[in-house]
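Chains as they are written, first to last, in the working numbering: chain A, 305 to 622; chain B, 17 to 284; chain C, 17 to 284; chain D, 571 to 848; chain E, 571 to 848. Glycine included, every Cβ here is placed at the ideal spot set by N, Cα and C. To keep things clear, I will list the structure first and then write my remarks on it.
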Amino acid sequence: QGAIEKKEVHVAVGGKASLYYLPLTIAEQLGYFKDEGLSVTISDFSGGSQALRAVVGGSADVVSGAYEHTLNMQPKGQYLQCFVQQGRAPQIAIGIATAKAKDYKSPKDLKGLKVGVSAPGSSTHMILNHFISTGGLKPSDISVIGVGLGATAITALKSGQIDAVSNTDPVMTKLEQDGDVKIIADTRTLRGTEQVLGGPMPAGCLYAPVDFIRKNPGTVQGLTNAIVRADKWIHSASPQDVLRTVPESYLLSDKALYLFSFNKVKEAISPDGVISDAGARTALKVIPTFNPEVKAKEIKLELTYTNEFVKKANAKYK
Amino acid sequence: MAPVLALERVSCTFLSREDPSEGYTAVRDTTLVVGEGEFVSVVGPTGCGKTTLLNVAAGLLKPSAGTVTVLGRSLDGINTHAGYMFQTEALMPWRNTVQNVVAGLEFRGVAREEALERGDAWLKRVGLSGFGKRYPHQLSGGMRKRVALAQMLILDPRILLMDEPFSALDVQTRQLMENELLELWSADRKSVVFITHDLEEAISLSDRVVVLSAGPASHPIGDYTIDLPRPRDVAEIRLTPHFIEIHTKIWRAMKEEVLKGYAQQQRQ
Amino acid sequence: MAPVLALERVSCTFLSREDPSEGYTAVRDTTLVVGEGEFVSVVGPTGCGKTTLLNVAAGLLKPSAGTVTVLGRSLDGINTHAGYMFQTEALMPWRNTVQNVVAGLEFRGVAREEALERGDAWLKRVGLSGFGKRYPHQLSGGMRKRVALAQMLILDPRILLMDEPFSALDVQTRQLMENELLELWSADRKSVVFITHDLEEAISLSDRVVVLSAGPASHPIGDYTIDLPRPRDVAEIRLTPHFIEIHTKIWRAMKEEVLKGYAQQQRQ
Amino acid sequence: MPNSKGNRARNGRLRLRAFQVLLLALLLVIWHVLTSPTLLPPIYFAEANQAAFFFGEPVEVFARLWRWFASGEIYEHLWVTLVETLLAFLIGTVSGVVIGLWLALSPTASAVLDPYIKAVNAMPRVILAPIFFVWFGLGIASKVALGVTLVFFIVFFNVYQGVREVSPVVLANARMLGASPRQLLRHVYVPSAMSWVFASLHNSVGLAFVGAVVGEYLGSAKGVGYLIHQAEGFFDMNTVVAGILLLTAFALLLDWAVGLAERRLMVWQPRSIETERT
Amino acid sequence: MPNSKGNRARNGRLRLRAFQVLLLALLLVIWHVLTSPTLLPPIYFAEANQAAFFFGEPVEVFARLWRWFASGEIYEHLWVTLVETLLAFLIGTVSGVVIGLWLALSPTASAVLDPYIKAVNAMPRVILAPIFFVWFGLGIASKVALGVTLVFFIVFFNVYQGVREVSPVVLANARMLGASPRQLLRHVYVPSAMSWVFASLHNSVGLAFVGAVVGEYLGSAKGVGYLIHQAEGFFDMNTVVAGILLLTAFALLLDWAVGLAERRLMVWQPRSIETERT
Ligand SMILES: Nc1ncnc2c1ncn2[C@@H]1O[C@H](COP(=O)(O)OP(=O)(O)OP(=O)(O)O)[C@@H](O)[C@H]1O
Ligand SMILES: Nc1ncnc2c1ncn2[C@@H]1O[C@H](COP(=O)(O)OP(=O)(O)OP(=O)(O)O)[C@@H](O)[C@H]1O
Ligand SMILES: [Mg+2]
Ligand SMILES: [Mg+2]
């Protein structure tokens, strides 16, 4: 293993407290980055696309974010590469308000409904679009409302301003617990992802500009090692261990909610950090239908991810 | 004559904002009674407290001590029976001349057209017809004073409080205005408190001239009844021997006082 | 006497903002020349354009036509040789009395202590010692005028432009100030343009009295040389027969003019 | 010679306009040069097309604007945003003026409420957006509410101070002329505070738009802010910039209207002394 | 009797404070009652604990504040936010005053730049945050920049108008007394515009905090806004409210300092006529 080129690493993440990025938090809390000789600063942003922008703009080095952005960015001439995986399923669920649930049989029944997504154009929107397309609906058959990833989403559904919602945890779990929604599509589990997307799909990753990875392989290896260790730790730890490890502030409002969500998404957390080729191909199939700028033929898929570092990490941390 | 306006044993002390323990007593223990239809002039050295007294009479300033009675009632708040012509400029800069003149009518709910008609008539009376559309900053100093005069007189108040109303006018215009005022006053015997620095003006207009001492703690030091016959023409009456006699008498009293006050201020 | 200040064939037309085609010509074709050490008074009916002329002489107002020459040079911008005492209140409200008096010294870079010392001396001269720490709104009208006077005179300007400086003062204080002014003026023969409504004051102070016609389009209609002997005491000189003679002469000329102007305004 | 005078004034105005257009053109050129990957070696950014990623490219931006209007797709969104903005502007201004007047004129109320007003002004509205959504729903109302919270305080603070700056003599005069408290308000306080109000309005115009757009950005189904948000999801900076430019144009339009009202209402103000030069 | 007078004034102030405390207590009680699931049948919300979901519970909020200070964990974050706020406030104020003065005094520059200033003011800062991050990094500077863009315009518009409201006579007098343009600025324009500046400062204090917090909220690794963002992720409204309250307290403190400066600098202003009652 080579020397570390850059000890101070700035990681940008959109919504650090979310379970989507649990391995990052665990690696930080357990000091795995330090173990690799890295000094990591984690800046939290209001959304994944903001975090990405910080890296493109040069104020941060590495993004902790959704894999699909590496595809979204290629048409812009930005080559980003994912080098370790945190989640192997998008962890987005679609739920329909309980009041409307009895009329719902299949995706095509969503026609004409108001559906909340975290933000128009985001992953929640993409999964939703893909989901309705399986029912033969066009994007214009539903009206999409941006409701964010937090309290707004919950109120919007509870107050009946939207009929269905596509969102991540903890919003979906909270709504589920309160009995406000019936889940109709669930990519928080591997099986659900298979059903909705027709295959696995990489979710939370660490990715960085190709250039950065080429110039700092030692640093990237260190980051990879830490995340892989965290992935493995999560799969071996008990829920109590997790509760003890995450920052107290994550648990302040509702420990039970956190635990409940954790148990739900545990399966979606990558066990070894490896990005599967099948997953990448799913992404390439799904994204162009959503973002027309991404043309499947022009994408250099091999540039979007590498398992080179993960392999070494897995060799090191069995 | 029943007193229409009575200030009794009035004192005014201004607080200094920086040091509240230190005040400046402008007027002390002053009594000024104005009867029905009486024209009283107040003269006195500059800075003695004339404006302060007028503010008290108008209800704009609460005296530190003493009582103010208007038409037999103790004054609380604004003196609604009085019209006040201020020493400093008090026109509303956002109203043009005629709008300023009719402001009081408007406040009283007089119909717009009637108000404007009366306003125009008053502008003519003060020699400003044709200037109705100008804003205050487009008028000369003397013109602004005349607008203020019309603004007050158009309301026909029972008590007139006038603070150096004519000092910015040339002698001739001034005499025209003085005669205008006397005519109005004699028509329905208003009560007037008239502040001036021009002793001749004071004597030729008034029933009584009150002389104030130099400040601080100013108070009346002379009260002269002017027994010149009415009606008077302000230009002609100045030439009568009795006028000159009164003038000399008051003049002497004042001169002493002013020199005393001046010396006092210089000593401070 | 070389002319120190010369307004030649000056006209001033004020634009009306609403209707730019319609202007008001306050002064037309007026020539006013003031020699070295000359004391010129300007009298005229209210609103005739005296302040306007003074503004032109001060360089604050560009005339619509005509030239202004100061000490042989054509005036462009502010007249830096002149001190100007405004008709309206012009003290800086955020400076107390003594700070206002020394403002000009401060602008000229005089050391703080020296300035304050001279300021105190001047406050004493205008009878306001002890009032140095008051802010303008805490002074009476006459006091503010005296502060403005001190503010101007402390700079010892070559040309004095004074717009009704003493009209808010009682007669006695006024005479004290007038004598003060004459003393100062005679010491180093300043050139003075003095606007007043008091013809007696004009005559008793001046070398020359200029009478303006009534507005609009006002212009000089009389120019009287006052050949009273110097030095004069303003109170005593009024009683001399020659004074009374001059007074009567100018008075007649003015009276006609004012009545004409008044009638004109009322006709408009 | 009134003609030559008119000419001079017109010339001055023409020169000014020319200047402004030139400056605009210059800015566009700089923008174009800096964001065009081929024209210049990268200056600030490591990679050539990174600038375009953040600032968009002017040609693309205008193409976007053109397409929006050609296809008509923008009208619906623009309409929503403009309605939100105007409502926020009006409601914010009126409530700012009314409450400003009220507190300025009743010292007790002002003393009691003062800390609360200041506290509310210090609250970050963006974070409180969920509460607005609860109260006002996801429609127009919540965006208007957000805009109002921005506009209100600007107007309020200025009216409050403006009223306290009323000349005491003019006030006393109006009272002596018999003005009732209501009339004092209407004929003295309001006109006297008018220039304060207008100063705040020039500021509010911009913030009303900001409120509407940010509100849409945080949760909506329509409006220019929605378009911007959607474009951001795809990293389509050209659309983002096009949306911002579009709104800016309308902000300038609204500001011009405010300026017009100001010039009409403030004729009485002494400007620097004005003589005619013939 | 100066004693009784002092007493009366003191009584008045005491009563006022009592009022304010009472109002505060009342608000807290209302907050408590409405958010406590057990005390009342749900009024506005369908479910009992939904109010708490949005507004937090006062007891919890204060417990949170207590723990922050007891454990000392807050200091680091608070410090960052306060530094950002103060810097934004200072830089925004100074640049607003300077540019406001400049444009108010040079009519050409103002005519040319006017539309640009208004355009920039109409831009939604939140959307432009990524650009700030590019230019100023993820540290303190970008939050300061965001705050400055809020504070600057408030101060700017007021200074601009304030300068144009200078009494023409006072100005002419100062010029006749020989003031150079610089001296006019320092001795006439600035003092005359002072009450305008202070009106805008009272508004800016709040917005400086808003800028800092929103900046942190949009992307940061430290600061109270960061804490709030973290808490929002898990609907921990108590922490959100605690953060907002904490900052509000500091905003009031800063405003008090501004008020102090104002009272010192504005002694010269005529208030309503003031006599002593003995
Ligand atoms: N607000 C105030 N604070 C402190 N002192 C004041 C205030 N107002 C007036 N004074 C003082 O009270 C005294 C009387 O003032 P006032 O204005 O009544 O004089 P006046 O007789 O009208 O003088 P003038 O003839 O010059 O107008 C003056 O010494 C003045 O300085
Ligand atoms: N800014 C202005 N716009 C229009 N007209 C004006 C303006 N300033 C002055 N005038 C007019 O010019 C004329 C002369 O005014 P000026 O102030 O010079 O008179 P004055 O001789 O000083 O009078 P007074 O003795 O009353 O002070 C007046 O009729 C006045 O209305
Ligand atoms: Mg007075
Ligand atoms: Mg004049």
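Under 7 Å by beta carbon: chain E residues contacting residue i
i        : result
MET693/D : ILE814 and THR818
Chain-ordered chain A contacts of residue i [CB-CB under 7 Å]
i        : result
THR719/E : Ordered by position in chain A, no residue passes the 7 Å Cβ test against THR719/E, which lies about 17 Å from the chain.
PRO700/D : GLY454, ALA455, THR456 and THR459
Cross-chain neighbours of residue i in chain C, by beta carbon under 8 Å
i        : result
HIS263/B : In chain order: nothing, as chain C lies at least about 11 Å away.
VAL758/E : MET108
Burial state of residue i, where buried means 16 or more other Cβ atoms lie within 10 Å
i        : result
TYR100/B : buried
VAL704/E : buried
SER578/A : The displayed chain sequence assigns Val, not Ser, to residue 578/A. Looking at its Cβ environment, which holds 16 or more other Cβ atoms inside 10 Å, VAL578/A is buried.
PRO551/A : exposed
ASP179/C : buried
ASP249/C : exposed
ASN743/E : buried
PRO543/A : exposed
HIS373/A : buried
LEU69/C  : buried
Chain E residues whose Cβ lies nearer than 8 Å to that of residue i
i        : result
ILE260/C : What ILE260/C touches in chain E: nothing, since even the nearest Cβ is about 37 Å away.
LYS688/D : HIS772, VAL775, GLY776, ALA821, LEU822 and ASP825
Cβ pair residue i, residue j closer than 8 Å
i        : j        : result
GLY793/D : GLU786/D : yes
SER80/C  : THR29/C  : yes
SER27/B  : SER183/C : no
ALA401/A : PHE624/E : no
GLY425/A : SER574/A : no
ILE266/B : VAL225/B : yes
GLN481/A : LEU417/A : no
Within chain B, the residues that residue i reaches when beta carbons sit closer than 9 Å
i        : result
ALA184/C : THR62, GLN103, GLU180, SER183, ALA184 and HIS213
Neighbourhood of residue i by C-beta distance below 8 Å, restricted to the same chain and skipping five residues each side
i        : result
VAL142/B : ARG162, VAL163, LEU165, ALA166, MET193 and GLU196
VAL599/D : none
LEU555/A : LEU547 and TYR562
ARG124/B : LEU171
THR256/B : LEU244
Proximity test, Cβ basis, 8 Å: residue i and chain H
i        : result
GLN800/D : Reference to chain H is not applicable here, since the protein chains of this structure are A, B, C, D and E.
Close beta carbons around residue i, own chain, < 7 Å, minus the five adjacent residues each side
i        : result
ARG634/D : ASN808, THR809 and ALA812
ASN611/A : VAL578 and ILE579
ALA821/D : VAL775, GLY776 and PHE779
Per-residue contacts from residue i into chain D (C-beta, under 8 Å)
i        : result
TYR787/E : PRO694, VAL696 and ILE697
Neighbourhood of residue i by C-beta, 6 Å cutoff - its chain only, sequence neighbours within 5 removed
i        : result
THR85/B  : ALA22
THR67/C  : GLN103 and ASP179
GLU627/E : THR605
Proximal residues of chain C, C-beta to C-beta of residue i below 7 Å
i        : result
MET270/B : GLN188
ARG745/E : ILE94
Partner residues on chain B for residue i, Cβ-Cβ distance less than 7 Å
i        : result
GLN620/D : The contacting residues do not exist; GLN620/D stays about 55 Å from chain B at best.
Worksheet item: Which residues have their C-beta within less than 5 Å of a heavy atom of ligand 4, listed in chain order?
Response: SER156/B, GLY157/B, THR67/C and GLN103/C
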